[in-house]
Amino acid sequence: MMTKDNPGFATLAVHAGAQPDPTTKARITPIYQTTAYVFDNADHAAALFGLQAFGNIYTRIMNPTNAVLEERVAALEGGTAALAASSGHAAQLLVFHTLMSPGDNFIAARRLYGGTINQFGNAFKSFDWNVRWFDPADPASLETLVDDRTKAVFVESLANPNGTFVDIAAIADLAHKHGLPLIVDNTMATPYLVRPLEHGADIVIHSLTKFMGGHGNSMAGILVDGGTFDWSKSGKYPMLSEPRPEYGGLVLHQTFGNIAFAIAARVLGLRDFGPTLAPLNAFLILTGMETLPLRMQRHCENSLGVAKWLKDHPKVAWVNYAGLDSDPNHALQVRYSPKGAGAVFTFGLKDGYEAGKNFVENLKLFSHLANIGDTRSLVIHPASTTHRQLSPEQQVAAGAGPDVVRLSVGIEDLSDIIADLEQALEQA
Ligand SMILES: *Cc1c(COP(=O)(O)O)cnc(C)c1O
Numbered sequence: 025m026m027t028k029d030n031p032g033f034a035t036l037a038v039h040a041g042a043q044p045d046p047t048t049k050a051r052i053t054p055i056y057q058t059t060a061y062v063f064d065n066a067d068h069a070a071a072l073f074g075l076q077a078f079g080n081i082y083t084r085i086m087n088p089t090n091a092v093l094e095e096r097v098a099a100l101e102g103g104t105a106a107l108a109a110s111s112g113h114a115a116q117l118l119v120f121h122t123l124m125s126p127g128d129n130f131i132a133a134r135r136l137y138g139g140t141i142n143q144f145g146n147a148f149k150s151f152d153w154n155v156r157w158f159d160p161a162d163p164a165s166l167e168t169l170v171d172d173r174t175k176a177v178f179v180e181s182l183a184n185p186n187g188t189f190v191d192i193a194a195i196a197d198l199a200h201k202h203g204l205p206l207i208v209d210n211t212m213a214t215p216y217l218v219r220p221l222e223h224g225a226d227i228v229i230h231s232l233t234k235f236m237g238g239h240g241n242s243m244a245g246i247l248v249d250g251g252t253f254d255w256s257k258s259g260k261y262p263m264l265s266e267p268r269p270e271y272g273g274l275v276l277h278q279t280f281g282n283i284a285f286a287i288a289a290r291v292l293g294l295r296d297f298g299p300t301l302a303p304l305n306a307f308l309i310l311t312g313m314e315t316l317p318l319r320m321q322r323h324c325e326n327s328l329g330v331a332k333w334l335k336d337h338p339k340v341a342w343v344n345y346a347g348l349d350s351d352p353n354h355a356l357q358v359r360y361s362p363k364g365a366g367a368v369f370t371f372g373l374k375d376g377y378e379a380g381k382n383f384v385e386n387l388k389l390f391s392h393l394a395n396i397g398d399t400r401s402l403v404i405h406p407a408s409t410t411h412r413q414l415s416p417e418q419q420v421a422a423g424a425g426p427d428v429v430r431l432s433v434g435i436e437d438l439s440d441i442i443a444d445l446e447q448a449l450e451q452a
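Structural data, given as structure tokens:
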């Protein structure tokens, strides 16, 4: 049990939200593999359904294993509450459903995970939620895109696929100047490296599938409520500031204060769309998160070693790793992520597309697949896979042009990782 008021990050990663099971004394959080929960009596049931009491009703809406995960991630990010979902994309859907009405728009960084570019640019159109892209390297450029139907700004703290940091504080200031919340996808950095809420972000989202779970064995996502944004001030967020007929006229922001966003996403979004996290997956992610600080440290050390080695290789045209002193993004890395530059980055081969393909196919220790943040070293050619659906211009803008190879450096021995890269480069 934690004895200090302000436990450190590594202590929180192991303990936050959890305690021995009061009934069985099981030390590890059990997988509560149940659909529903028995009510004390009819009044208790009514109070739960009316949101007058907190408690479990039905696993689509909440589950005790998931609740430990939610509390732990909220603690690691410094938020007030969190809501787990079946994937990172599901968490994003729940965030925007809470903020947007048909005809509204939001402003998103152009450099994002390819799947997110698809979700925002294509799927969200069905709801008439409209994305406007800006260049995160030029924060002021977002201002020209704001109008009275703009509801939020969205960035990745460390952008996928090319590992560039964004100036979160500058972007948060501009968003707030226009009365908008800043949503930060912190998947690639994890709160071990970057804590966006401390730099002015209002909501953090994660694909827990990646470094947070860390072992490539389960899908999960989460949103974290920063608890600081005033959802009532502008009248632009009716789901939070207007009476809800299905809850007897309850006004969520008034009733739940600094956890209102997480509550709204749960009782109006998760309840009705249903992208619930399976408690088994929550258990696997919780187990993985216990070693998050150790893994991230090793991921970062190995990545810097690999980036330095690649930079000096005669067949390598360029390396994009913010951890290198010479990298144009290095100053932002030092400011926002002093413990390291993460483990996902890109580089280009002098001989272009064919050499890149050849290189990827000749790697042995590295797995060629569409994922990041595993203990294993992973590699992909984004232009032909994750970023394939984008136009050539969008690919280049997203840092995923035809010559680009993306690595997710694992936690194996650095000498083995480099030996594999060396033999594959020789053949490329
Ligand atoms: C993978 C990923 C997502 C989507 O998460 P899923 O769990 O795959 O749905 C979102 N953002 C980033 C940065 C990602 O890497």
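All the letters of the sequence shown, read from the start, carry residue numbers 25 to 452 under the working numbering.
For each residue, glycine too, the CB sits at the ideal point set by N, CA and C.
What residue range is occupied by the uninterrupted beta strand (DSSP E) comprising residue i?
| i | result |
| --- | --- |
| Ala-341 | 340 to 344 |
| Leu-247 | 245 to 249 |
Taking DSSP's pairing of strands, which residues face residue i in a bridge?
| i | result |
| --- | --- |
| Arg-430 | Thr-370, Ile-404 |
| Asp-67 | Bridge partners of Asp-67: none, in fact. |
| Asp-209 | Glu-180, Ile-229 |
| Leu-169 | Answer by DSSP bridge pairing: none, since Leu-169 is not bridged. |
| Thr-252 | Thr-252 is not bridged to any residue. |
| Tyr-82 | Ala-60 |
| Thr-399 | For Thr-399, which the question treats as bridged, DSSP gives no partner whatsoever. |
| His-392 | Val-403 |
| Arg-268 | Leu-274 |
| Phe-73 | Answer is none; Phe-73 lacks a bridge partner. |
Report the option in the options whose CA atom is closest to the CA atom of residue i.
| i | options | result |
| --- | --- | --- |
| His-39 | Ile-207, Leu-316, Ser-125 | Leu-316 |
| Gln-447 | Leu-348, Asn-184, Leu-334, Ala-194 | Leu-334 |
| Pro-31 | Gly-102, Thr-89, Asp-67, Val-62 | Gly-102 |
| Glu-167 | Leu-182, Gly-145, Glu-180, His-200 | His-200 |
| Pro-338 | Gly-79, Ala-452, Gly-281 | Ala-452 |
| Asn-142 | Gly-397, His-411, Pro-267, His-405 | His-411 |
| Phe-148 | Val-170, Met-124, Glu-325, Asp-209 | Met-124 |
| Ile-195 | Asn-386, Asn-186, Pro-205, Thr-188 | Pro-205 |
| Phe-73 | Tyr-271, Ser-165, Thr-83, Met-243 | Tyr-271 |
| Phe-78 | Ser-391, Ala-99, Ile-283, Met-212 | Ile-283 |
| Ser-111 | Ser-258, Asn-382, Met-236 | Met-236 |
| Val-358 | Phe-369, Ala-66, Ala-346, Val-368 | Ala-346 |
| Met-320 | Asp-351, Ala-422, Asp-398 | Asp-398 |
| Ala-286 | Pro-46, Phe-371, Val-119 | Val-119 |
| Asp-427 | Trp-342, Asn-353, Ile-442, Gly-364 | Trp-342 |
| Ser-401 | Asp-444, Ala-71, Ser-231 | Asp-444 |
| Leu-36 | Leu-308, Leu-93, Gly-138 | Leu-93 |
| Arg-134 | Ala-106, Ser-181, Ser-327 | Ser-181 |
| Val-155 | Gly-259, Gly-434, Ile-81, Val-179 | Val-179 |
| Ile-85 | Ala-379, Ser-165, Leu-294 | Leu-294 |
| Phe-33 | Leu-217, Leu-304, Ala-424, Glu-266 | Leu-217 |
For ligand 1, I want to know if residue i counts as a neighbour, meaning its beta carbon is within less than 7 Å of at least one of the ligand's heavy atoms.
| i | result |
| --- | --- |
| Met-243 | yes |
| Met-212 | yes |
| Ser-111 | yes |
| Gly-139 | yes |
| Asn-184 | yes |
| Ser-231 | yes |
| Asp-398 | no |
| Glu-180 | yes |
| Lys-234 | yes |
| Asp-197 | no |
| Asp-209 | yes |
Return the first residue and the last residue of the alpha helix (DSSP H) that residue i is part of.
| i | result |
| --- | --- |
| Lys-381 | 376 to 386 |
| Lys-234 | Counting along the chain, Lys-234 falls outside any alpha helix (DSSP H), and DSSP gives it neither H nor E. |
| Pro-317 | 316 to 335 |
| Met-313 | 303 to 313 |
| Arg-359 | 354 to 360 |
| Ala-452 | Looking at the DSSP string, Ala-452 is not in any alpha helix (DSSP H), and its letter there is neither H nor E. |
| Asp-197 | 192 to 201 |
| Thr-35 | 33 to 39 |
| Ile-287 | 284 to 288 |
| Tyr-216 | 214 to 217 |
| Gln-419 | 416 to 421 |
> In the segment 101 to 163, which residue ranges form an unbroken alpha helix (DSSP H) of at least 4 residues, counting only runs that do not cross its ends?
Replying inline: 112 to 123, 138 to 145
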